[in-house]
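Peer 1: Structure provided below as C-alpha cells; questions to follow.
2 protein chains.
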Amino acid sequence: MTSTTSRKRRPYATRVPAEERRTQLLDAALRLIVTSGHDAVTMDALAERAGVTKPVIYGQFSGRADLLDALLRREQRAALSQLFALIPAETDMRAGEPARLVTETLDRFLRTVRETPDRWYCIVMPLPDMPSAFHRARDEARDAVLRRAREIAEWGQRRVDGFDPEIAGHTIVTLFEMAARLVLTDPERYRPERFVGSLRAAIGLVTPRVGL
Amino acid sequence: MTSTTSRKRRPYATRVPAEERRTQLLDAALRLIVTSGHDAVTMDALAERAGVTKPVIYGQFSGRADLLDALLRREQRAALSQLFALIPAETDMRAGEPARLVTETLDRFLRTVRETPDRWYCIVMPLPDMPSAFHRARDEARDAVLRRAREIAEWGQRRVDGFDPEIAGHTIVTLFEMAARLVLTDPERYRPERFVGSLRAAIGLVTPRVGL
DNA sequence: GTATATTACTACTCCACGGTAGCATTTGAC
DNA sequence: GTCAAATGCTACCGTGGAGTAGTAATATAC
C-alpha cells in the first residue's frame with residue numbers, strides 16, 4: 000500500500016518556459032512575504048504555493064537567497080521607476096511652487112501605492128524576519144529618493160527661515176512612507192486626500208487663523 | 000589527544016545569582032540584536048557572548064523565544080516609561096502652546112535617545128530578521144503613544160483649518176521615530192537641535208517671510 | 001506513431017541550531 | 001575540613017529546512 004508502486008504520483012505541473020516560471024515563482028514568493036513574512040518563504044512553502052516541487056525552483060534559481068534577491072531587485076526597480084516617474088523633472092520645478100509640487104506628488108504617489116499594493120507593501124511595510132539584504136536595499140533606495148527630496152527642500156528653503164534642507168528631505172520621504180503604510184493598512188480609512196489635506200494645512204497652503 | 004580525558008575542560012564562569020545572570024544574558028542578547036540582527040541571536044552565539052554555555056541560558060529561560068520575549072518586554076517597558084515621563088500631563092497641556100510642547104518634548108526625547116542608545120535602537124531601528132512578536136509589540140507601543148499624540152494634535156487643531164488630528168498624531172509619532180533613528184545612526188551629524196529647529200520652522204514658531 | 005529533449009517529481013542527504021541528560025565544579029553552611 | 005546544594009560544562013539528540021541524485025512524464029519534431 001505504501002510502496003512506491005502503489006503511491007500515487009503527483010500530477011505534473013503544466014510545463015512553462017523558464018522566464019514565465021521565474022515570474023510565477025517570484026509572484027508566489029512576494030505573496031508569501033506580504034502575507035506571512037520572510038521566514039514563511041521556505042522552499043517547501045514556495046513550491047506548494049506555486050504548485051510545483053522544490054527541484055523546479057532550483058531549476059530557475061541557484062538557491063533561496065538567489066530567489067529572494069531576484070525578487071527584491073525586481074520590486075525595487077519597479078517601485079523606483081514608478082516613484083521617479085511621479086516626481087517632475089528639475090526644469091519643471093523652477094516654474095512652480097515647492098509646496099504645491101510636494102502635495103501633488105504625494106497625491107499621485109498614494110494613488111500608485113493603492114494600485115500596486117503588494118509591491119509597495121514589501122517596499123515600505125515593516126516585514127517580519129526581513130533579511131539584512133532587504134534592509135540595505137531599502138536604505139539605498141531611500142538614499143536615492145532623499146537626494147531628490149533634498150533638492151525639492153532646498154528649493155523651498157528660500158521661503159522659510161530656520162529651514163534645514165537635509166532634515167526637510169528626510170521628513171518628506173518619511174511622511175510619504177508613513178502615508179503609504181497607512182494607506183496599505185486600511186485603504187478605506189486612510190484615503191490619499193486625508194494626507195494631502197493635512198500636508199497642505201501643515202505647510203501653509205491654507206491660511207492659519209491665528210499666528211502661533 | 001582528542002579524548003575527553005585529555006581535552007581541556009572550559010573553566011567555569013563565575014557563579015552569579017539567577018537574577019543577575021538573567022540581566023547579563025538579556026544585555027548580551029540586546030547587544031547581539033543591535034549589532035547583527037535577531038537571527039544572530041543563536042543560543043550558541045549568546046552563550047559565547049555571555050561567557051557561559053547553553054545549559055546556563057536554559058537555567059534562566061525556558062527557550063530562545065522566552066528569552067527574546069523577556070528582552071522585548073524589558074526594553075519596551077523601560078522605553079515607554081522614559082517616553083511618557085517626557086510628555087507633560089494633560090493638566091499642564093491646557094496652560095501651554097501645543098507647538099511649543101511638541102518641540103520641547105522632541106528635544107527631551109532625543110536627548111534621552113542619545114543617553115540610552117541600545118534601548119532605543121531596538122525600539123525604533125529597522126532590525127534584520129525582526130520576529131513578528133517584536134513587530135506586534137512595536138505596533139502596540141505606537142498605538143499607546145499615538146493616543147497621546149492625537150490628544151496633543153486635537154489640542155492644536157483649534158488653531159489651523161484643514162487639520163486632521165489622526166493624521167497629525169501619526170505624523171508627530173513618525174517624525175519622532177525618524178529623528179531618533181537619525182540621531183542613533185550618526186549622533187554627531189544629526190544633533191537634536193537640528194530636528195527641533197526644523198520642527199519649529201515647519202509649524203510656524205518662526206515667522207514665514209512670504210505666504211506660500 | 002515514435003523518439004528525444006526538456007521539464008517535473010520522489011526520495012533522500014546533510015547540517016545548523018534548539019534543546020537536554022548526565023557529569024563536574026564551586027561555594028557556603030556546619 | 002567535609003558535605004551538600006547550587007550552578008556550570010561536555011557531549012549528544014532530534015528536527016526543520018536547504019539542497020540534490022536519479023527517475024518519470026510530457027511535448028514537440030520528424
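Those sequence lines, one after another, are chains C and P.
Under numbering that gives the first Met the number 0, the first residue of the first sequence is numbered 0, with each subsequent residue one higher.
Under numbering that gives the first Met the number 0, the first residue of the second sequence is numbered 0, with each subsequent residue one higher.
Every residue, glycine too, gets a C-beta built ideally from N, C-alpha and C.
Any idea what DSSP makes of C:A88, helix, strand or coil?
Peer 2: Your numbering for residue 88 of chain C matches position 89 in the first sequence. It is coil, neither helix nor strand.
Peer 1: For a contact defined as C-beta to C-beta under 7 Å, what are the partners of P:I166 on chain C?
Peer 2: Along the second sequence, one-based indexing puts residue 166 of chain P at 167. Residues of chain C passing the Cβ test: R193, F194, S197.
Peer 1: Measuring straight from C-alpha to C-alpha, what distance separates P:D142 and P:I166?
Peer 2: Counting from one through the second sequence, the residue named residue 142 of chain P turns up at place 143. Counting from one through the second sequence, the residue named residue 166 of chain P turns up at place 167. Near 13 Å, if we compare the C-alpha coordinates of P:I166 and P:D142.
Peer 1: Under 6 Å Cβ to Cβ from C:A12, same chain only, skipping five residues before and after it: list those, please.
Peer 2: Position 13 of the first sequence, counting from 1, holds the residue named residue 12 of chain C. Result list for C:A12: G50, V51, in chain order.
Peer 1: Counting only beta-carbon atoms, is P:A200 nearer than 8 Å to chain C?
Peer 2: Start at 1 with the first residue of the second sequence, and residue 200 of chain P comes out as number 201. P:A200 counts as touching chain C.
Peer 1: Tell me which residues share the same chain as C:A17 and place their Cβ nearer than 7 Å to its Cβ, disregarding the 5 neighbours each side in the sequence.
Peer 2: The residue given as residue 17 of chain C occupies position 18 in the first sequence. The residues are Q59.
Peer 1: Thinking C-alpha only, which one of P:E192, P:L85, P:C121 is nearest P:L70?
Peer 2: Translated into the one-based positions of the second sequence, residue 70 of chain P becomes position 71. Here the closest residue by C-alpha is P:C121.
Peer 1: Does any residue of chain P have a CB that is nearer than 8 Å to the CB of C:M177?
Peer 2: Looking up residue 177 of chain C in the first sequence gives position 178. Yes, because at least one Cβ of chain P sits closer than 8 Å to the Cβ of C:M177.
Peer 1: For P:A140, which residues in the same chain have their Cβ closer than 7 Å to its Cβ, ignoring the five residues on either side in sequence?
Peer 2: Along the second sequence, one-based indexing puts residue 140 of chain P at 141. Excluding residues within five positions, the ones whose Cβ falls inside 7 Å are Q75, L79.
Peer 1: C:M129 versus chain P: which residues are under 8 Å apart at the beta carbon?
Peer 2: As a working mapping, residue 129 of chain C is identified with position 130 in the first sequence. Residues of chain P passing the Cβ test: P125, P127, D128, M129.
Peer 1: Please determine, among P:V112, P:L126, P:A201, the residue with the shortest C-alpha to C-alpha distance to P:D185.
Peer 2: One-based indexing of the second sequence puts residue 185 of chain P at position 186. Answer by Cα proximity: P:V112.
Peer 1: Going along the chain, which residues of its own chain have a beta-carbon closer than 7 Å to the beta-carbon of C:R63, five neighbours each way excluded?
Peer 2: Start at 1 with the first residue of the first sequence, and residue 63 of chain C comes out as number 64. Once the five neighbours on either side are set aside, the close Cβ partners of C:R63 are M42.
Peer 1: Determine the contact status of C:P116 and C:L29, defining contact as a CB-CB distance below 8 Å.
Peer 2: Within the first sequence, residue 116 of chain C is the residue found at index 117, counting from 1. Within the first sequence, residue 29 of chain C is the residue found at index 30, counting from 1. Not a contact, by the Cβ cut-off of 8 Å.
Peer 1: Considering only their Cβ atoms, is the gap separating P:P97 from P:W232 smaller than 8 Å?
Peer 2: Because chain P spans 0 through 211 in this model, residue 232 of chain P falls outside it and cannot be assessed.
Peer 1: Compute the Euclidean distance between the alpha carbons of C:H169 and P:E187, then round it to the nearest angstrom.
Peer 2: Taking the first residue of the first sequence as 1, we reach residue 169 of chain C at position 170. Taking the first residue of the second sequence as 1, we reach residue 187 of chain P at position 188. Between C:H169 and P:E187, the C-alpha separation is close to 17 Å.
Peer 1: In terms of residue numbering, what span does the alpha helix (DSSP H) encompassing P:T102 cover?
Peer 2: Residue mapping note: residue 102 of chain P aligns to position 103 of the second sequence, counting from 1. From DSSP, the alpha helix (DSSP H) with P:T102 extends over 97–114.
Peer 1: Looking at the C-beta of P:L71, does it have a partner C-beta in chain C at a distance below 8 Å?
Peer 2: The sequence position of residue 71 of chain P within the second sequence is 72, counting from 1. It does not; no Cβ of chain C falls within 8 Å.
Peer 1: Does chain P have any CB closer than 8 Å to the CB of C:D213?
Peer 2: Nothing can be reported for residue 213 of chain C, as the shown portion of chain C is limited to 0 through 211.
Peer 1: What is the DSSP secondary structure of P:L126, reduced to helix, strand or coil?
Peer 2: Your numbering for residue 126 of chain P matches position 127 in the second sequence. It is coil, neither helix nor strand.
Peer 1: Give the C-beta separation of C:L109 and C:F194 to the nearest angstrom, bearing in mind that I take them to be a contact with Cβ-Cβ under 8 Å.
Peer 2: Counted from its first residue, the first sequence places residue 109 of chain C at position 110. Counted from its first residue, the first sequence places residue 194 of chain C at position 195. Going by Cβ atoms, the distance from C:L109 to C:F194 rounds to 6 Å, so yes, they are a contact pair.
Peer 1: Using a threshold of 8 Å, state whether the C-beta atoms of C:A27 and C:W119 are closer than that.
Peer 2: Translated into the one-based positions of the first sequence, residue 27 of chain C becomes position 28. Translated into the one-based positions of the first sequence, residue 119 of chain C becomes position 120. Not a contact, by the Cβ cut-off of 8 Å.
Peer 1: Determine, using beta carbons only, whether C:P127 and P:S131 come nearer to each other than 8 Å.
Peer 2: Along the first sequence, one-based indexing puts residue 127 of chain C at 128. Along the second sequence, one-based indexing puts residue 131 of chain P at 132. A contact, by the Cβ cut-off of 8 Å.
Peer 1: Using C-beta distances below 6 Å, list every residue in its chain close to P:I151, excluding the 5 sequence neighbours before and after it, in chain order.
Peer 2: Residue mapping note: residue 151 of chain P aligns to position 152 of the second sequence, counting from 1. P97, listed in sequence order.
Peer 1: Using C-beta distances below 6 Å, list every residue in its chain close to P:E145, excluding the 5 sequence neighbours before and after it, in chain order.
Peer 2: On the second sequence, residue 145 of chain P is found 146 positions in, with the first residue counted as 1. Checking the displayed sequence, the identity of residue 145 of chain P turns out to be Leu instead of Glu. Answer for P:L145: G168, V172, listed in chain order.
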